[in-house]
Amino acid sequence: MTGNEMPSATGVRITGDEYQWLHVWRACMEALHHHLTKNTTNPTIAIGVEEPGVGNGDDVVRYRVRPPHVYTQVKYTTDNRTSVGLTYLDDKGIIKKLAATHKILTANGDPVELRLATNRPHDPNDVLLKDRDGRDSRLVPRAAQDGPKSARGKARTAWATAAGTNEAALMALLDDLHFDIAYELKRLHDDVALLMAANGLRSDDNAVDQSTKWVSSRSSPGTADSPWQTSTTPLPR
1 MTGNEMPSAT GVRITGDEYQ WLHVWRACME ALHHHLTKNT TNPTIAIGVE
51 EPGVGNGDDV VRYRVRPPHV YTQVKYTTDN RTSVGLTYLD DKGIIKKLAA
101 THKILTANGD PVELRLATNR PHDPNDVLLK DRDGRDSRLV PRAAQDGPKS
151 ARGKARTAWA TAAGTNEAAL MALLDDLHFD IAYELKRLHD DVALLMAANG
201 LRSDDNAVDQ STKWVSSRSS PGTADSPWQT STTPLPR
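Position one of the sequence shown corresponds to residue 1 (full-length UniProt numbering), numbered consecutively onward.
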């Protein structure tokens with residue numbers, strides 16, 4: 001038996017916020033790790049939270065030295081009754097918003113990286129979600145295969161319709177969209193703790209909790225720098 005109880009509406013909201021703040025803090029820890037190790041030629045140099053002007057990729061934005069920058073939409077759920085597939089993406093308007101976001105962010109010709117981060121699993125009956133690549137979590141290249149009368153072709157048409165765009169624009173979106181799905185809160189928490197330890201910070205539960213509280217305080221109206229300059233923003237130890 002576990003100590004879990006049925007969450008209240010307030011508890012769900014608080015946990016959903018915590019899930020987003022953990023994703024933000026993970027991005028901060030990745031940026032710090034880039035700075036400490038110099039192990040990438042295109043490091044993250046600033047983090048945006050609830051960033052204006054970037055559509056539905058605003059929950060966590062990783063600004064790199066040069067494009068592609070990374071725009072993440074974070075979605076938390078209390079259970080697995082709703083899985084990630086076209087039904088969910090269409091009903092919630094997510095795919096249409098992501099398509100609009102992609103159009104905005106690529107208007108100047110720069111490459112972008114979009115990510116949908118959620119603890120929801122994938123819909124095993126969704127034709128295109130079955131094509132999610134185990135290497136980088138995109139639906140391509142498999143989703144681009146087969147003709148218009150095939151199961152994939154019909155699925156592409158349905159996705160394009162739901163996205164309010166044409167198939168060419170849909171495939172351009174899917175080429176840049178990563179599905180970070182089935183990423184549970186506990187696993188995210190543990191990954192963040194490991195990154196903190198790797199960066200020489202305290203990594204116990206209290207340290208992680210204090211870090212997400214710090215993120216929350218920086219994200220309150222009137223207090224957040226947008227974006228946070230990772231080279232100058234002090235990190236709690």
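Cβ atoms here follow ideal geometry from the backbone N, Cα and C, with glycine treated the same way.
Being a predicted model, the structure only gives us computed values, none of them experimental.
- Classified as buried, residue 31 has 16 or more neighbouring CB atoms from the shown chains inside 10 Å of its CB.
- Nearest to residue 44 by C-alpha distance, out of 68, 57, 50, is 68.
- Listed in chain order, the beta strand (DSSP E) elements of length 3 or more contained wholly in the stretch 141-224 are 177-180.
- Per DSSP, residue 86 lies in no beta strand (DSSP E) segment; the continuous alpha helix (DSSP H) that holds it begins and ends at 86-91.
- When secondary structure is reduced to three states using DSSP, residue 26 falls in the helix class.
- The Cβ neighbour count for residue 101, taken over all protein chains shown within 10 Å, is at least 16; the residue is labelled buried.
- Per DSSP, reduced to three states, the secondary structure at residue 128 is coil, with no helix or strand assignment.
- Looking at 116, 64, 120, 217, the one whose alpha-carbon comes closest to that of residue 41 is 64.
- For residue 64, the pairing in a beta bridge is given by DSSP as 44.
- For residue 85, the closest C-alpha among the options 185, 158, 219, 33 is that of 158.
- Per DSSP, residue 102 lies in no beta strand (DSSP E) segment; the continuous alpha helix (DSSP H) that holds it begins and ends at 94-105.
- Using a C-beta cut-off of 8 Å, the stretch 115-127 makes contact with the stretch 183-194, since at least three inter-stretch Cβ pairs fall below that distance.
- Residue 61 and residue 206 have their C-alpha atoms roughly 25 Å apart.
- Each residue's CA atom was taken as its position, placing residue 57 and residue 19 some 16 Å apart.
- Here residue 166 is exposed: its Cβ has fewer than 16 other Cβ atoms, across all protein chains shown, within 10 Å.
- In the assembly as shown, residue 217 is an exposed residue. Its beta-carbon has fewer than 16 other beta-carbons within 10 Å.
- When DSSP states are grouped into helix, strand and coil, residue 78 belongs to the coil group.
- Annotated three-state conformation of residue 58 is strand, per DSSP.
- The three-state secondary structure of residue 18, taken from DSSP, is helix.
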